[in-house]
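**Student:** Please read through the structure below; I'll follow up with questions.
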Amino acid sequence: MNIAMVCRLIWKDWYLNKAGILASLIGGVATLALVAAMHASQVALIMGMIVLVTILIGMGAMVMISAASERRQMTLPFVMSLPISYWEYTISKIAGGFLIFFALWVPLVAAIVATILLTPGIPHGLIPFVLIMAVEILMTTCLITVVSVTTESHGWTVAVAQLGAIGLNGIGWSIVRLPQIGGLMRSATVRWSGTATALLMAELALIVLMIAFTFFVQARKRDFI
Amino acid sequence: MIDTAVEFSGVTKRYKYFTLDQIDLKLPTGYIMGFVGANGAGKSTTLRILMGLVHQDAGSVKVLGHAMPEDQATAKREIGFVSEDMRLYGAATLEWHMRFVRSIYARWDNGYANDLLRRFDLKAQQKVKGMSHGQRVKAALMLALARRPRLLVLDEPTTGLDPIARREVLGELMAVLADEERTVLFSSHNTLEVEQISDQITFIDRGRILESSDKEAFLDRWRRLRLVLPPNTKLPGLRGIVKVAGSSRLPVITTNRFEPTMMAACTEVGVSVQAVDVMTLEEIFIASVQSQREGEAL
Chain V
0 MNIAMVCRLI WKDWYLNKAG ILASLIGGVA TLALVAAMHA SQVALIMGMI VLVTILIGMG
60 AMVMISAASE RRQMTLPFVM SLPISYWEYT ISKIAGGFLI FFALWVPLVA AIVATILLTP
120 GIPHGLIPFV LIMAVEILMT TCLITVVSVT TESHGWTVAV AQLGAIGLNG IGWSIVRLPQ
180 IGGLMRSATV RWSGTATALL MAELALIVLM IAFTFFVQAR KRDFI
Chain E
0 MIDTAVEFSG VTKRYKYFTL DQIDLKLPTG YIMGFVGANG AGKSTTLRIL MGLVHQDAGS
60 VKVLGHAMPE DQATAKREIG FVSEDMRLYG AATLEWHMRF VRSIYARWDN GYANDLLRRF
120 DLKAQQKVKG MSHGQRVKAA LMLALARRPR LLVLDEPTTG LDPIARREVL GELMAVLADE
180 ERTVLFSSHN TLEVEQISDQ ITFIDRGRIL ESSDKEAFLD RWRRLRLVLP PNTKLPGLRG
240 IVKVAGSSRL PVITTNRFEP TMMAACTEVG VSVQAVDVMT LEEIFIASVQ SQREGEAL
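Chains as they are written, first to last, in numbering that gives the first Met the number 0: chain V, 0 to 224; chain E, 0 to 297.
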């Protein structure tokens, strides 16, 4: 595999998405600062979480949709005229997409956890729920990637991104209703349950499966333009 | 040096409503081949197979000695490809594209790139989304040429260009000819521009190669003979007749195997040759396609 070429393609996607990455990062940090400034009132917390989830999903969709956008904007022939195989192109799209997403996801999740830990009045019991939902957002982003890379259809990718955003609310609501998660959320200390661990493991396993499925589909393709 | 830049042997690609059928094609190093066909004839599919972007169902493809699609990443280091449906990144400047391509190709020629910028009247600082179609085509061509490829593959590059832009693009392609090491495969349905710049001609129709040969030999072989037949005289048995038009007394014969001895053969049987017309590439292409299609219909 031509790693140097894959890195150049990742750098290209990073460059082309830099405005979105920066705007999302600034938006996320500003939201967290506002939540802290409002002394983590219930309204500030709810509003802050909604804004952060929107930023993360929006950012994930924006980055991961780039595989479908290459076809839609007819830049795919340009990329594929470069000395790469389709396999390397797929790796660059997946690895690059996740790298860009992680550049936002990791600091924002870390900042959310730090805000919970450092702001007086926010129960630390929220942390398992926050982490499960953060990985859930990562999983939704992964789903968008699978659809974007394998179908290269802008329509399908947008539809899945919207369904993913709606599904996230439903999943969040369902998780809160689990006694071993919702029941421990108001605890002053972090209380990690077996259910929380199982949910996290299931999410991570699904992410791995989705990435494997993407490579499986791509390896069977015969027409790339 | 490899003598054959491109070689297709029995290449077949099947789609639901179209089949590229048993393509055999050879392009010697240092030549410019015009690949002519109507819309939907299979030009783009053939060139995409050449680039490894579409995998053939059967047959083998070798480009600059590399088997395709297996060695496409290596082969594409030495190929410049521009297609009519290729776009650059609208949000980025041409300068960014130049930096990006330069970082990939060791043979990138910065002096030549700047020279092409001037000749094509392009501004490196301009964003691609602010460019006209003609400027975008010229930008893509500049990015392909400045990497100094050994093989240049152009899929209908002049489609949609105004006459001035087309002339500039063709002029640059003719300048490329000066480099004997460079090989160009250039598809178009515009026979006039193919006739201008190519030294090899290939016709494709409905997924099949109709003819492929040296341009001069090609043009020399095709003639239209205007004959006068006396009453009760039959047409002599001439070689390569692809079409007989006109009236029974004043037939007009199109042949793709013309030889000067044909005129003597006509005179021998009492048929007088009123004129021998040289045919344009467009006339040859149309006659070739019609003859093939009529043959299929029979």
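Note that beta-carbon positions come from the ideal geometry of N, C-alpha and C, so glycine has one too.
Between residue 87 of chain V and chain E, is there a C-beta pair that is closer than 8 Å?
**Tutor:** Output row for residue 87 of chain V: interface = yes.
**Student:** Using a cut-off of 7 Å between C-beta atoms, extract the partners of residue 122 of chain V located in chain E.
**Tutor:** None at all; the shortest Cβ gap to chain E is about 44 Å.
**Student:** Using the Cα positions of residue 82 of chain V and residue 196 of chain E, report the straight-line distance between them to the nearest angstrom.
**Tutor:** Their backbone Cα atoms lie some 27 Å apart in a straight line.
**Student:** Would you report the Cα separation of residue 102 of chain V and residue 9 of chain V, rounded to the nearest angstrom?
**Tutor:** Rounded to the nearest angstrom, the two C-alpha atoms are 13 Å apart.
**Student:** Unbroken alpha helix (DSSP H) runs of length 4 or more, entirely within the segment 10–95 of chain V: which are they?
**Tutor:** Segments of the alpha helix (DSSP H) lying fully in the segment 10–95 of chain V: 17–36, 41–63, 65–71, 75–79.
**Student:** Check whether chain E comes within 8 Å of residue 79 of chain V, counting only Cβ atoms and requiring the distance to be less than that.
**Tutor:** Chain E, which has a Cβ nearer than 8 Å to the Cβ of residue 79 of chain V, makes this yes.
**Student:** Three or more C-beta pairs under 8 Å: does that hold for the segment 136–155 of chain E against the segment 67–85 of chain E?
**Tutor:** They touch, by the three-pair rule.
**Student:** Quick check on residue 132 of chain E: buried or exposed, where buried means 16 or more other Cβ atoms within 10 Å of its Cβ?
**Tutor:** The residue is exposed, with fewer than 16 neighbouring Cβ atoms inside 10 Å.
**Student:** What distance in whole Å lies between the Cβ atoms of residue 217 of chain V and residue 146 of chain V, which are believed to be in contact at a cut-off of 8 Å?
**Tutor:** Contact doesn't hold; Cβ gap of about 13 Å is too wide.
**Student:** Give the residues of chain E in contact with residue 15 of chain V, contact being defined as C-beta atoms less than 9 Å apart.
**Tutor:** Ordered by position in chain E, the residues that pass the 9 Å Cβ test against residue 15 of chain V are 88, 90, 91.
**Student:** Spell out whether any CB of chain V is found under 8 Å from the CB atom of residue 103 of chain E.
**Tutor:** Output row for residue 103 of chain E: interface = yes.
**Student:** Give the residues of chain V in contact with residue 54 of chain E, contact being defined as C-beta atoms less than 9 Å apart.
**Tutor:** Here the neighbours are 220, 221, 222, 223.
**Student:** Would you verify that the beta carbon of residue 84 of chain V is, or is not, closer than 8 Å to some beta carbon of chain E?
**Tutor:** Taking Cβ atoms only, chain E reaches closer than 8 Å to residue 84 of chain V, which makes this a yes.
**Student:** For residue 70 of chain V, would you say it is in contact with chain E, using Cβ-to-Cβ distances shorter than 8 Å as the test?
**Tutor:** Cβ-Cβ to chain E under 8 Å: no for residue 70 of chain V.
**Student:** Since residue 222 of chain E and residue 254 of chain E are thought to touch, with beta carbons under 8 Å apart, how far apart are those beta carbons, to the nearest angstrom?
**Tutor:** Confirmed, Cβ separation roughly 6 Å.
**Student:** Quick one, which of E:244, E:232, E:267, E:107 has its alpha-carbon nearest residue 286 of chain E's?
**Tutor:** It is E:244 whose Cα lies nearest to the Cα of residue 286 of chain E.
**Student:** Does the beta-carbon of residue 34 of chain V have 16 or more other beta-carbons within 10 angstroms, so that it is buried, or is it exposed?
**Tutor:** With 16 or more other Cβ atoms within 10 Å, it is buried.
**Student:** Should residue 4 of chain V be flagged as near chain E, meaning a C-beta pair shorter than 8 Å?
**Tutor:** Cβ-Cβ to chain E under 8 Å: yes for residue 4 of chain V.
**Student:** What first and last residue would you give for the alpha helix (DSSP H) that runs through residue 154 of chain V?
**Tutor:** From DSSP, the alpha helix (DSSP H) with residue 154 of chain V extends over 153–175.
**Student:** Kindly list, in the order they appear in chain V, the residues whose Cβ is closer than 7 Å to that of residue 84 of chain E.
**Tutor:** Going along chain V in sequence order, the residues near residue 84 of chain E (Cβ under 7 Å) are 73, 76.
**Student:** Alpha carbon to alpha carbon, how far is residue 37 of chain V from residue 73 of chain V? Give it in angstroms, no decimals.
**Tutor:** Taking the straight line joining both Cα atoms gives about 47 Å.
**Student:** Return the CA-CA distance between residue 297 of chain E and residue 113 of chain E, expressed in angstroms with no decimal places.
**Tutor:** Caution applies to residue 297 of chain E, whose pLDDT of 42 falls short of 50 and renders its modelled position unreliable; the value that the coordinates give is listed next. Rounded to whole angstroms, residue 297 of chain E to residue 113 of chain E spans 56 Å at the Cα level.
**Student:** In three-state terms, what does DSSP make of residue 102 of chain E?
**Tutor:** Residue 102 of chain E falls in the coil class under three-state DSSP.
**Student:** Find out if the Cβ-Cβ distance for the pair residue 202 of chain E, residue 36 of chain E is shorter than 8 Å.
**Tutor:** For residue 202 of chain E and residue 36 of chain E, yes; Cβs fall inside 8 Å.
**Student:** Below 7 Å on C-beta distance, what does residue 233 of chain V contact in chain E?
**Tutor:** Lying before the first or after the last residue shown, residue 233 of chain V is absent from chain V, which here runs from 0 to 224.
**Student:** Using a Cβ cut-off of 8 Å, pull out every chain V residue sitting near residue 126 of chain E, in sequence order please.
**Tutor:** Within chain V, no residue comes near residue 126 of chain E; the closest Cβ sits about 12 Å away, beyond 8 Å.
**Student:** Is residue 13 of chain E closer than 8 Å to residue 70 of chain E when the C-beta atoms are compared?
**Tutor:** Going by C-beta atoms, residue 70 of chain E is not nearer than 8 Å to residue 13 of chain E.
**Student:** Rounded to the nearest angstrom, how far is the Cβ of residue 227 of chain E from that of residue 273 of chain E, given a contact under 8 Å?
**Tutor:** About 6 Å separates the two Cβ atoms, so the contact holds.
**Student:** Closer than 6 Å by C-beta to residue 153 of chain E: which residues in its own chain qualify, once you throw out the five before and the five after it? Chain order, please.
**Tutor:** If we look at residue 153 of chain E and ignore the five residues flanking it on each side, its Cβ neighbours are 81, 185.
**Student:** If you reduce the DSSP assignment to three classes, tell me which class residue 297 of chain E lands in.
**Tutor:** For residue 297 of chain E, the predicted structure reports a pLDDT of 42, less than 50, and the residue's modelled location is therefore unreliable. A value from the coordinates is still provided. Here residue 297 of chain E sits in coil by DSSP.
**Student:** Under DSSP, the beta strand (DSSP E) around residue 158 of chain E begins and ends at which residues?
**Tutor:** No beta strand (DSSP E) contains residue 158 of chain E, which DSSP labels as neither H nor E.
**Student:** Given residue 265 of chain E, which residues of its chain have a CB within under 6 Å of its CB, disregarding the five upstream and five downstream residues?
**Tutor:** The residues are 235, 272.
**Student:** Using 10 angstroms around the beta-carbon of residue 174 of chain V, count the other beta-carbons present and answer buried if the total reaches 16, otherwise exposed.
**Tutor:** By the neighbour-count rule (16 or more Cβ atoms within 10 Å), residue 174 of chain V is buried.
**Student:** For a cutoff of 8 Å on Cβ pairs, would you count residue 75 of chain E as touching chain V?
**Tutor:** Yes, residue 75 of chain E counts as interfacial toward chain V.
**Student:** Would you please state the rounded distance, in angstroms, between the beta carbons of residue 182 of chain E and residue 24 of chain E? I believe it to be under 8 Å.
**Tutor:** So it is not a contact: roughly 13 Å between Cβ atoms.
**Student:** Locate the alpha helix (DSSP H) running through residue 132 of chain V, then write down its first and last residues.
**Tutor:** Unbroken alpha helix (DSSP H) run through residue 132 of chain V: 125–150.
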